[in-house]
Every structure is written in structure tokens, then in C-alpha cells.
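Taking it in order: structure first as C-alpha cells, then the write-up.
Number of protein chains: 4
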Amino acid sequence: MVIIMNPDATAENIKDVIEMIQDAGLAAKVMEGSQQRIVGVIGDKTRLASCAIDALPGVERSVSISKSYKLASREFHPQSSVIDVDGVPIGGDEFVVMAGPCAVESREQLLEAAEIAKKGGAQFLRGGAYKPRTSPYSFQGLEEEGLKYLAEAKEKTGLRIVTEVTEVEAVQTVAEYADLLQIGARNMQNFRLLKEVGRTQKPVMLKRGLAATLDEWLNAAEYILNEGNPNVIFCERGIRTYETYTRNTLDLSAVAAIKHLSHLPIIVDPSHGTGKWRFIKPMALAAVACGADGLIMEMHPNPAKALSDGPQSLTPDNYYDLMDGVTKLAKFMKDSGIKTQDL
Amino acid sequence: MVIIMNPDATAENIKDVIEMIQDAGLAAKVMEGSQQRIVGVIGDKTRLASCAIDALPGVERSVSISKSYKLASREFHPQSSVIDVDGVPIGGDEFVVMAGPCAVESREQLLEAAEIAKKGGAQFLRGGAYKPRTSPYSFQGLEEEGLKYLAEAKEKTGLRIVTEVTEVEAVQTVAEYADLLQIGARNMQNFRLLKEVGRTQKPVMLKRGLAATLDEWLNAAEYILNEGNPNVIFCERGIRTYETYTRNTLDLSAVAAIKHLSHLPIIVDPSHGTGKWRFIKPMALAAVACGADGLIMEMHPNPAKALSDGPQSLTPDNYYDLMDGVTKLAKFMKDSGIKTQDL
Amino acid sequence: MVIIMNPDATAENIKDVIEMIQDAGLAAKVMEGSQQRIVGVIGDKTRLASCAIDALPGVERSVSISKSYKLASREFHPQSSVIDVDGVPIGGDEFVVMAGPCAVESREQLLEAAEIAKKGGAQFLRGGAYKPRTSPYSFQGLEEEGLKYLAEAKEKTGLRIVTEVTEVEAVQTVAEYADLLQIGARNMQNFRLLKEVGRTQKPVMLKRGLAATLDEWLNAAEYILNEGNPNVIFCERGIRTYETYTRNTLDLSAVAAIKHLSHLPIIVDPSHGTGKWRFIKPMALAAVACGADGLIMEMHPNPAKALSDGPQSLTPDNYYDLMDGVTKLAKFMKDSGIKTQDL
Amino acid sequence: MVIIMNPDATAENIKDVIEMIQDAGLAAKVMEGSQQRIVGVIGDKTRLASCAIDALPGVERSVSISKSYKLASREFHPQSSVIDVDGVPIGGDEFVVMAGPCAVESREQLLEAAEIAKKGGAQFLRGGAYKPRTSPYSFQGLEEEGLKYLAEAKEKTGLRIVTEVTEVEAVQTVAEYADLLQIGARNMQNFRLLKEVGRTQKPVMLKRGLAATLDEWLNAAEYILNEGNPNVIFCERGIRTYETYTRNTLDLSAVAAIKHLSHLPIIVDPSHGTGKWRFIKPMALAAVACGADGLIMEMHPNPAKALSDGPQSLTPDNYYDLMDGVTKLAKFMKDSGIKTQDL
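Just so you know, the sequences run in chain order A, B, C and D.
The numbering of the first sequence is our numbering, which starts it at 1 and goes up by one.
The numbering of the second sequence is our numbering, which starts it at 1001 and goes up by one.
The numbering of the third sequence is our numbering, which starts it at 2001 and goes up by one.
The numbering of the fourth sequence is our numbering, which starts it at 3001 and goes up by one.
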């Protein structure tokens, strides 16, 4: 940590800053600039993390230097992690695809969707049984009944199941049926829920919050890892910006940034990322090319009848067409040996 | 709802749209524009809310016209609501102030803060016992021990207690000690938690999410109201924007907007809103002038020793100075008869 | 400037960084942290401003410490500046109001608006003769003819004239008619235009860019000041955020921040700031209370017939009502001796 | 245009709205909803564009239906345009690359950069002679001297030249030397400058503004097209969001959206889009895969000595490596026949 003093800070001010640093068992070093003095902190900064050094008189601001997350960081774990999800590795050489409806609406709808997902080449079936909805009057999901349909679909198709868990009380139940627990964007900083899924050993897909910084996202993963569950997969699903033509702004540079900062895998959700079915394919292709480890997409046997997220769902035909392109591109990327970035 | 068709939509496309509307038990009306046709929906749009009309071929987009929240809306409740919090009315003629430390750190710290808050003229003591923190390694709060100190402080000073509840399991416990339950920004769309506080009759202060729209915020209130708890108070605490000089961007126009759209009271948190103690006073004065019903502020007996949020905490002296100005201004606004807006 | 090295930076990397600093005629000082080393730069950092130290191997990032603007900074000019605009001081004890239509539409409209502005108590008449419009097919302004009407309105009412200049070629012409040159939000970083108005001695009102940081805004002022024109007045007019209910998000904390960072006056535009006439009054009152030096507002004799910005224009009656409140509040703030902040 | 009335709008209010529509020579049609009435406008909405219908009593808001731009729209020009830039087609089957330093710093630096750009396979050399800089104290460019070096580099290498023009007075001069005129992000709504380049027949590369919506961007292109210059190429260069780890957030969905909405080509600038050299390659690959027509990137013979934008410049080695991947991927995309989207 570096503390930047005001140009008019007194010797007394500096003394107080040094004292607070030393009180925390750390060493301080003063550096004289031409206009301002700065104080460097030497030692483990987490001991000062909650200290209010910025509130001392004469302090302009402090700048954090080391990262607050450790377990998620590539610094301490240079090798990329591969997460095994019931036999399907994520983060290795193979690109994975998860597809299915936004919500599990009925047994028929789900089984039909599963067949289509399978036929197109996906390894996972997605489908929400617990639906967080903006309005209390919108469809809220079939809950455990939906989970049972997901389990049946797995049995029939062999597809792995990824589904969202929205509350602490449901973690055990969802973990019984799902192979991959999804933490949704609105719950990215529901710390109690993060801890709860951290206490299972189920792989967790952690979606980025609506307006979460990369640092907050990595720290949310840290909550899960810190409870003893090392199986975290990030999912970029678009961030909220001023642009309204797309539902969110898909931040594909987050793929490259997470790969640089962390050893954990990251997949991309172009459905929520754009909110418009016609932009899913180009964004899916872009995700493959920039080094993402997989995709999660909304596909519906009949999008126009979907109980939620219809406009961003692919029809079966659009899905097959997309999968054709994605599969070819993923194969090319692997075979060509193009390295997307130095990690 | 109005459905805007593509310029090249076919008669068949329009027929499908009309059919879907009629399937939902509603009536449709087509209007011919010079370049495009639009289809209007007549009837209760919540029946179509989850329908995926945008996914139909030939549809460009649909525009929602009526609001998805009802109980929170001023339309159906023209009179402003006054919420009674253990004898202190919020939303009426009197301006209320809530002050205290970010976190309850110790019995001594809290009781000292309570005396200062009281002396300055606040009606409420704030203080977090459950702390949602970005990093798992930061101080997470004293939990029930902290609640007991808050209760003791109430006994000693008569101040009402406002404190955050972050998880479903803690709602009953927090409700035993607190007069006003705070739902924090990160939990604004933790729908399970909203429902749980909605099942109590305790007044709830609902903070705006980091990047929540007014519509999402009003719908979050609707979750609480819809469970039978009518005692909701909004709290504007700044939104996340591109500007980083302030921690958040305090959106005071949200005060005027919420007053226009809803009958519920709204207070302002200039501490989180700005993140810098020196801007709290000017923003507190602005909040009074624009018609807010109260303020919630972080004040610490010794901000430089605070375990969290030090930089945005007022010292006791700054707090007294602020309260002097706020009290005078609130009195002036009341006496002068200046109406901030037509509701 | 402080340069933060990667944890795995080599001694060679550090040597290169030091060398680059010394090449720029500055001194470097290395500080050993527990995990990372940092290098401090001593001397006038503007000599390194365009240097690409971040691109050196082993560098994680650099943090700028001193400010890039000087003339606009309160650090080097502790006393608040009062700008004289044809006899009307801005930035002193008196609150100023500028009102008038978005665009000069006709002689009749403008003279009528001027009479209303005057009657309500404004000191300035606003009205655009050159209109920057999103679409090339929208009304683009009456240009010099509009300026003549403004001059006539000044003659008739004594109101000072503030009007926008959008292009270098028009600066001389606009300066002949206007008392205060407005640089619009879209031109805040039109550096050529900034320099041109900097070469006149006319006071300049510099609106904040749609998504400009405070630092960029202060640097834009620096362009004007650096050409020899010390008469700059900031105007906060709302920033672009994800919220769409209001046209922009009025950032009133920018008033407090600019007062803290700069000696120059700042006024507020609640019309563009909110985009809705019904929120102009509460935001105008808030602007007075938080220490702004004045207001600029859109008012139209008949908003429903306005050629631009109708929805955010006040009717004459709304304007009189607002002015009544603003005048009383401004008097109260002055008489009560409430200090909005320590500068 | 559709006008949504307040639930409590009177018959008189509706009559006034209809009258205003009819006054503009258009027809109105009222539709009764269950809670609210709406009024549809039939005819060419540009005749109402500047009308202030929202300001009429009883009006809640109006929703624009048809687009304000025509010449840029794919609706009226279904075939994708291919822009010829001195013999190099942009927007057709071949992917183009523009590379070079941020700023022209010296004859030697530029000629060296040109050789590297050429060797790597680029078709264009980029380099700024007029530099818009946040601070007036930063390096502002070599101006015409820089243009001469660019011309010399073209002569020596055959590379086409793309360079920024920042002011109306310089358009003629820059057009003499450049093959492609760049309008920078800060000038996207410098309408006077747009008109000026619109009066030449030189191809124009129009960068997206820092916080410009797609609609504003398309309208900015309309300014150029409307002056008679059909040769416009869009350039996505990242937008300003709350995320600060990357300099901007590269919005690759804008590529898909512009392709859908317009017939004009679009290229991507991953250098400004990310601000970090290490993320340029993955974003460049993503741009190829999602259907962009080309790339513009900053490359410097010695980034650590660059006078501007060093941290986001590629070294020659990184550039060759990137070009190897981009070239292979572009060839694969073309040969494989993968269609990124239906236009």
C-alpha cells in the first residue's frame, strides 16, 4: 500500500500515518516527491485492509498494490486449473457448450430441449428451476419439480446439468440434482450463499455481477475457495452500461483478463450478454477465438412460447447452425496452435 | 404493451402476434404507420409479462407501457405514506437523521458513538453487526454480540436502531433487536431475503442496488409489500458510474423520481454516496433541499481507527457541524412552505 | 508518479525503469515491499507524462500522484475566483440564474422568453443560436440571426447573454454578441475550440462532457486558461449512466468536488441533468443548498411548441414558482451562514 | 411515434395531442388500453422530430419507432457496402489490418514502424500527426511535418495511410496526405467537422464516441453521408464503463449490431479498446471471428519510448505473433464458409 499525502500535510500528519502503520505491525518508508510526500507500507497489507488510513488528516488517498484475493490468483497458482464436472473437464483443451431453456417450464419442454441440445453437440443442459425475477408477479420457477425433470433429462441424454441456486436453504437440494451449481449475477455478492456453496465440493459456475468489477468478481470466487471448494468456473454474462440497444454489454476482454489474473476457467454467456438472439452466434464465435473455455446459451424448442427470456433464446435451427460454426472454429483454434495470449 | 413490427413484416407475422396476444386472453389492435405497423395490446399486461412476443418473426421490439409494480406505485396510492418506526414517523413533516459507525466494533465504540449521535440530534443509531465485505479476509462483523450492544445503546439513549440484515437465517434475530431492518445494496435483488423481511411487520429500509434502475428498485420493494409488510423506506446511496473520484455517484434526482412514482418515503446516504467525508455535508444539505425524508450517515468517534469505511466517516466535530446546518435548513424548508415538487 | 513492479520483476527490469526515469532528468527511489517493489519518481512529473513507462518489461502499472492541471487547481490558487460577466459577478456571494429557451426560434419567442426570465429574477438570458443536434435532420439553429435577437433582448431587458459556440469559425461572431460563451458537453474535448475561446478574454461556461471525469473536465479548463483567458465557469449538466428514467444523472457531488479541487465557480443545469421538467425544481433547490454558484435552466413561453428540448423546459408558471423557492433558499443560505464545506 | 398518455389524462389532453400531430401534417390514431390510452402517429415522423409533444399536459412519454438515420441504414440499402480506399476494399471478403504508432514522433520512428507494419502483413499504416490530448501539457503531434513522413512511408512501403483529423481547418491538408481520414472518439459529435469531411470524397473512419450509443454513432455517420460522401467506415474502440481494469470496455457486440443496422463496414481497435498490450491479441482474434472487416492497432518499434499510448502498444515481436494468428484465423473464417450472422 502507498499512502499519498496532501501537498500541505504537516510533519505531524506524517508521523500519525507512520504510527498507524507500525501499530498494525508493519513497516513504513517515506519518500519525498517534488510536490508531495508518499508513505510506503512494507509487509502483509491484509493486516491494514480494514484500517482507515485515508481518514487521517493530511492524507490525500491510499493506493492498494497487492491483490486482496490469493486462492483465485494466478500469482500463487501459475498453472491453469482444469475443473472436472462429473467427468467433463472444463479449462483444458476441449471447448464445452451448455445449452437449454432459460427456465424449466414443463417435463415435455425440457426433454425436448435436452434432445436438441444433445443433437447439436452440447455437453451440458441448462435450465432454471429457481428463477430470480425482477417482478414478484413474473414466473418464479418450478423449484424441486424442475430439478427432477433435469435429472430425468440427464438420464435420457447423458448431458450434465447446470442450474442456478438462489438461496442457502436450497443448496443441498440443488446439489443433489445438479452437476454444476450456478450462482447468478444478482447473487454474486450474496456472501452467505457463496460460503454455502463453498462448503459443498460441487463445481460452481460464478456469474459476474451486473456491475461487478473484475476485482470484486475474483474476491467473490475467493469466498467459495476459502471455504474449501476449489471448483470454481467464472461466467462472463455482460455488464450494465449506458448502451441499451443490447441488454448488457458483453465484456469479452474479461475473458483475457481473468485468464491473466486467475488460474480458474471462464466461459461466456452470449444470451444474457446481448439479449438478442441474432447476436448470439457472432459473440459465441468471438468467445471461442479469444480463449474462453466454453459457452452457456439459451435455446428453446419454441422461443416464442418461452415463459422467460424468449427474445434472447435460439430456435433449434439457429442453435444447430451456431453449433456447426462453433465446433468448426473450436477445432481450428485447437489444431492451428494459435495461442490467444501469454498467461 | 405496444409491439413494433419490422418494416418488412408479413401479414402472416402480424397474424401470429395477434394470435399470441389473444391466447393470453387479451385484445390486439393493429395500427398502420407510414413505414411500420404496430400492434397494441389491450388488457392486463401482466398476463403477457413472461411471454416471448419479441421472439416472434417480424417483431422488432415491444415497449412496455404500464408499470410492473402496483403496491409501491403512487398511481394506486396517491397519498404519501408515513412509516412509523417505533414511534418515529418517516415520510411526514419531520426530517429524520440516522447516524453511527459503519460497523459495531466494540461496546465502548458503539456507546460512545450513540452519545455523539444523540447529542447531535439524530433520532436513529446506525451500526452494522453483519457486514457484507468484498473480501473474505476483511472484518465481517460481531453478529449477535453487536446487536446486543445496539440494544444497550438504545436503552441508554432512546435512539431507534437501524441495522443491516444480510441473510434469511438472521432475519428473526435482527428483528428482535432492530427497529428498522436495512437491506443493503448488494442484497437489493436477493429476492428470498426480500420475501423474508416482507413476512415480518418490521419497517424495512431498502437500499438501492449498485447499478439498479428505478424500476428494479421499485419492484424490489414490491416483493416486500407483496408479502404483507407495507413499511418500506427507500434509501438512495449512490450508483456505480464511470466516475471514480467519488466512490459512487449520488443520484439525488432519484429522490424526486421516487417521490413522483411512489408513495413511500425515501432517505439519502451521502456517506456511501460520495465515499469521502468532506463531501457529506454539502450532499446532506442538498438532500434536505430536494425533499428527502431523512439522512443516514456514517460517523465514528475516531474515524482513523474504524475497522471499515473510515474515509467516508464523519468525526464527531464534523458531525455536529453538519447537524447544525441540516437542522437549520430542514426547519427553513418546513417553515418557508417551499414545495419541492408537485406529486 | 509511483511505478508498481510485477512480483516477478527482475533486477534488470528495475534498472531499466530507473534509467528511463533518469533519462527524463528525474530521480528514482526504489522501495521494497513484502511482495512487490515499487519505484517512486521525484521531480516534475509532466516531463514523464508522455513516457511509456508502463510498457517496460516487469512493470505492472504506474500510479499518477500529482495533478496534470495547474492553473485550474485550488492548490496553486487557494482563493476562490469570482468571474465578472459584464458586471455580474459569478462565484461570489450572490447566486445567479440563467434562464431561457433551448434554442432561439424567432424574434417573438425570444423577446417573450426574455421578459419572463427577467420578471422571474434571472440575471442571464440563455438561448442557442448554433445547435449541435444528434440527427442532421433536426433543427440546427438560426445562427447569426439568432445572435441578433439575443442582443436585442439584452438591450430591452438588461439581461446578460449566454449562448453556445460550436465551432472555431464562429467564436469571433458569437463573442461580439454574447457575454458568456458556452462550450457544450459534446465539445468539452474539442481542444481546438477550447484554445480558440482561450484566446478571447470573454468568460467561458464549460459544460461537463457526457462521460467526462472530473480530471478530464479540469484539464479541459486548463486548455482555456493556458491560452491566457482566466474566466472559466464550470457547468455540471448530468452524466451518462445506465439509468434511463432521467435523461442523464445529475452529479451534484461534482459541485462539492470542483469547489474542493479548483478555485473556479461552478453552476448547475438541472434541465439537461434530468431531462424532465418536473424534476428541475427539486434539483435546482439541491444545487443551491450544496453550494453551487448558480443555475442555468431551460424555460419556454410555450414548451409544447418548442423546436427542441420541450420535455425538459419549464412553463412560465413553473419557472416563477421555481424562482420563488430558489430565491428564498439562496437568501436563507447566505443569511444563515451555513458553510457548505471547508475549501 | 407512439405517445403514451398518463392514466389520468383528460379528453382535453388527448385532443391537444391530436391537434399538435395534425398541425404537423400527420395523422393520429387513439388506442384504448385497459389502464392507459396511447396515440399513434402516422406519417413521416421527422416532421415531428423537434416537436415537444412530451411537454403537453397528460403525456407520460413518447416512444420513437422509426429510425432517425436513413442513408446509414441497412433498411434502405440492404446490400453491404464495400469502401474502396485507394485500391484496398474494406467491407468485402478480405480482412484488412492497420498498424502503426499512436503518434508520428520522428521520421526515423515512422519509417521503422512502416517497415514492421508491412512485414507483418498490414495494408495500412496508422500514425497521428494531430493528437487530441487530455492535458494541454502533453505532446500534441508534429502536424503537417508528421503528414509528410506518412506520405514518405507510403511511398517507400505502398501501405495506405490512415490518420486523424481533429479540426476543420486541417481537413484539406490531411486529405492531401491521407487515404483514410480518421475522426476520433472525442470528435464523434463535432458536427462541424463531420460536415467538413462529408464534403470531401475521402473515405472516413468514424470512431465511436467514449459514451456514444449506437444510435448516436449511426447519426454521426449520417452527417457525413448527408453531405455527399458515401465512404464511411465505423471503428469500435471501446466504451467508457465502470470497469477500470481495462482502459475502456471493448463492445464487440457493436460489430454485430452495426452489421445488422447498417450497410457500412466496421473495424475494431483493440488497442484503445483494452488499453493493455497483453489483451490486444485475444481481442483481435475475437474481432475476426465475430465478423469485423478489419483491425486498427497501435504498434511501436520501441513502446517503452513512445511519446503516447505506450502501455497499449505492441512490440514488433508481439505484432508479428498477433498477425500470424489473425491471418490464419481470417483465412479460416473465409474458407470455412461460417456465416457470422444473417444480415
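Where a beta carbon is used, it is the ideal one built from N, C-alpha and C, also for glycine.
With a threshold of 8 Å on Cβ separation, who are the neighbours of Leu2159/C within its own chain once the five nearest residues in sequence on each side are excluded?
Counted from its first residue, the third sequence places residue 2159/C at position 159. So the qualifying residues of the chain are Ala2114, Ala2117, Lys2118, Ala2122, Gln2123, Phe2124, Leu2125, Ala2153.
Neighbourhood of Val1030/B by C-beta distance below 7 Å, restricted to the same chain and skipping five residues each side
The residue you call residue 1030/B lines up with position 30 of the second sequence. Counting only Cβ-Cβ distances below 7 Å, and skipping sequence neighbours, we find Ile1014, Arg1037, Val1039.
Report the rounded CA-to-CA distance for Glu164/A versus Leu181/A, giving the unit in angstroms.
The residue labelled residue 164/A in the question sits at position 164 within the first sequence. The residue labelled residue 181/A in the question sits at position 181 within the first sequence. Roughly 6 Å separates the two Cα atoms.
The alpha helix (DSSP H) that contains Phe3191/D, what's its start and end?
As a working mapping, residue 3191/D is identified with position 191 in the fourth sequence. Segment 3191-3198, the alpha helix (DSSP H) holding Phe3191/D.
Could you say which of Pro311/A, Asn318/A, Gly127/A, Tyr320/A lies nearest to Ile1003/B if we only look at CA atoms?
One-based indexing of the second sequence puts residue 1003/B at position 3. Among Pro311/A, Asn318/A, Gly127/A, Tyr320/A, the Cα nearest to that of Ile1003/B is on Pro311/A.
Whole angstroms are fine: how far does the CA of Ile161/A sit from the CA of Lys1334/B?
On the second sequence, position 334 is the one that residue 1334/B refers to. On the first sequence, position 161 is the one that residue 161/A refers to. In a straight line, the C-alpha of Lys1334/B is about 60 Å away from that of Ile161/A.
Kindly list the residues whose CB is nearer than 7 Å to the CB of Gly3128/D, restricted to its own chain and excluding five residues on each side of it in sequence; keep chain order.
Position 128 of the fourth sequence holds residue 3128/D. For Gly3128/D, where only same-chain residues beyond five positions count, the Cβ hits under 7 Å are Cys3102, Ala3103, Val3104, Gly3141, Thr3163, Glu3164.
Comparing the C-beta of Gly2273/C with each C-beta of chain B, is any distance below 9 Å?
Taking the first residue of the third sequence as 1, we reach residue 2273/C at position 273. It does: the Cβ of Gly2273/C has a partner Cβ on chain B nearer than 9 Å.
Select from the region 2228-2250 of chain C all residues with a C-beta closer than 7 Å to any C-beta belonging to chain B, and list them in chain order.
Ile2239, Thr2241, Tyr2242, Glu2243, Tyr2245, Thr2246, Thr2249, Leu2250
Who does Glu3298/D pair with in a DSSP beta bridge?
For the purposes of this step, residue 3298/D is taken as the residue at position 298 of the fourth sequence. Beta-bridge pairing links Glu3298/D to Gly3100/D.
Listed in chain order, which residues of the region 2189-2209 of chain C have Cβ atoms closer than 7 Å to some Cβ of chain D?
Gln2189, Asn2190, Phe2191, Arg2192
Contact set between Pro2316/C and chain B, taken where Cβ atoms lie within less than 9 Å
For the purposes of this step, residue 2316/C is taken as residue 316 along the third sequence, with counting starting at 1. The contacting residues do not exist; Pro2316/C stays about 16 Å from chain B at best.
Residue interval of the alpha helix (DSSP H) (run including Gly273/A):
Numbered from 1 along the first sequence, position 273 holds the residue referred to as residue 273/A. That run of the alpha helix (DSSP H) goes 270-274.
Element boundaries [beta strand (DSSP E), containing Lys3207/D]:
Position 207 of the fourth sequence, counting from 1, holds the residue named residue 3207/D. Where Lys3207/D is concerned, the enclosing beta strand (DSSP E) stretches over 3204-3207.
Is the Cβ of Glu75/A closer than 9 Å to any Cβ of chain C?
What you label residue 75/A is simply residue 75 of the first sequence in a count that begins at 1. Yes - at least one Cβ of chain C is within 9 Å of the one on Glu75/A.
Short of 8 Å Cβ to Cβ, which residues in the region 3264-3290 of chain D face chain A?
Gly3273, Thr3274, Arg3278, Phe3279, Lys3281, Pro3282, Met3283, Leu3285, Ala3286, Ala3287, Val3288, Ala3289, Cys3290
Output the distance between the C-alpha atoms of Asp23/A and Asp54/A, rounded to the nearest integer angstrom.
The residue given as residue 23/A occupies position 23 in the first sequence. The residue given as residue 54/A occupies position 54 in the first sequence. In a straight line, the C-alpha of Asp23/A is about 15 Å away from that of Asp54/A.
What does the alpha-carbon distance come out to for the pair Gly1146/B and His1300/B?
What you label residue 1146/B is simply residue 146 of the second sequence in a count that begins at 1. What you label residue 1300/B is simply residue 300 of the second sequence in a count that begins at 1. Roughly 16 Å separates the two Cα atoms.
With a cut-off of 9 Å, does the C-beta of Ile3116/D fall near any C-beta of chain B?
Position 116 of the fourth sequence, counting from 1, holds the residue named residue 3116/D. No - not a single Cβ of chain B is within 9 Å of the one on Ile3116/D.
Looking at the C-beta of Ala2257/C, does it have a partner C-beta in chain A at a distance below 9 Å?
The sequence position of residue 2257/C within the third sequence is 257, counting from 1. Chain A, which has no Cβ nearer than 9 Å to the Cβ of Ala2257/C, makes this no.
DSSP state of Asp3084/D, grouped into three classes?
Along the fourth sequence, read from residue 1 onward, the residue named residue 3084/D stands at position 84. The answer is strand: DSSP assigns Asp3084/D an E or B state.
When we look at the beta-carbon of Gln2201/C and count the other beta-carbons within 10 Å, is it buried (16 or more) or exposed?
Indexing the third sequence from 1 puts residue 2201/C at position 201. Exposed.
By alpha-carbon positions, which one of Ser2066/C, Arg2208/C, Thr2340/C, Glu2060/C ends up nearest to Arg2240/C?
Position 240 of the third sequence, counted from the first residue, corresponds to residue 2240/C. Of the listed residues, the one whose Cα sits closest to Arg2240/C is Arg2208/C.
Span of the alpha helix (DSSP H) around Arg1107/B
On the second sequence, position 107 is the one that residue 1107/B refers to. Its alpha helix (DSSP H) spans residues 1107-1120.
What does Thr166/A touch in chain B if you count any residue whose Cβ is under 9 Å from its own?
On the first sequence, residue 166/A is found 166 positions in, with the first residue counted as 1. Those are Asn1190, Phe1191, Arg1192, listed as they occur along chain B.
Residue range of the unbroken alpha helix (DSSP H) whose run includes Thr157/A
Within the first sequence, residue 157/A is the residue found at index 157, counting from 1. First-last of the alpha helix (DSSP H) with Thr157/A: 144-157.
Find out if the Cβ-Cβ distance for the pair Arg2247/C, His1260/B is shorter than 9 Å.
As a working mapping, residue 2247/C is identified with position 247 in the third sequence. As a working mapping, residue 1260/B is identified with position 260 in the second sequence. Not in contact: Arg2247/C and His1260/B (Cβ atoms no closer than 9 Å).
Taking the Cβ atom as the reference point for each residue, do Leu3264/D and Ala3072/D lie within a distance shorter than 9 Å?
Here residue 3264/D refers to the residue found at position 264 of the fourth sequence. Here residue 3072/D refers to the residue found at position 72 of the fourth sequence. A contact, by the Cβ cut-off of 9 Å.
Can you check DSSP and say which residues form a bridge with Gly3128/D?
Counting from one through the fourth sequence, the residue named residue 3128/D turns up at place 128. Ala3103/D.
Which chain D residues are close to His348/A, counting only those with a beta carbon under 9 Å from its beta carbon?
The first residue shown for chain A is 1 and the last is 343, placing residue 348/A beyond what the model contains.
Partners in chain B for Tyr69/A, counting only beta-carbon separations shorter than 9 Å
As a position in the first sequence, residue 69/A is number 69, starting the count at 1. Here the neighbours are Ser1135, Pro1136, Tyr1137.
Using 8 Å for Cβ pairs, my map puts Ser1271/B next to Glu1227/B. What's the rounded Cβ distance?
The residue labelled residue 1271/B in the question sits at position 271 within the second sequence. The residue labelled residue 1227/B in the question sits at position 227 within the second sequence. About 30 Å; that fails the 8 Å criterion.
Glu3060/D to Val174/A span [Cα, whole Å]
Residue numbering aside, residue 3060/D sits at position 60 when the fourth sequence is read from its first letter. Residue numbering aside, residue 174/A sits at position 174 when the first sequence is read from its first letter. Each residue's Cα considered, the two are about 44 Å apart.
May I have the straight-line CA-CA distance separating Gly2184/C from Asp16/A, to the nearest angstrom?
By 1-based counting over the third sequence, the position of residue 2184/C is 184. By 1-based counting over the first sequence, the position of residue 16/A is 16. Their Cα atoms are separated by approximately 45 Å.
Determine whether the Cβ of Glu3222/D lies closer than 9 Å to any Cβ atom of chain C.
For the purposes of this step, residue 3222/D is taken as residue 222 along the fourth sequence, with counting starting at 1. Judged by the 9 Å Cβ criterion, Glu3222/D is in contact with chain C.
So is Phe191/A buried or exposed if we call it buried at 16+ other beta carbons inside 10 Å?
The residue labelled residue 191/A in the question sits at position 191 within the first sequence. Buried.
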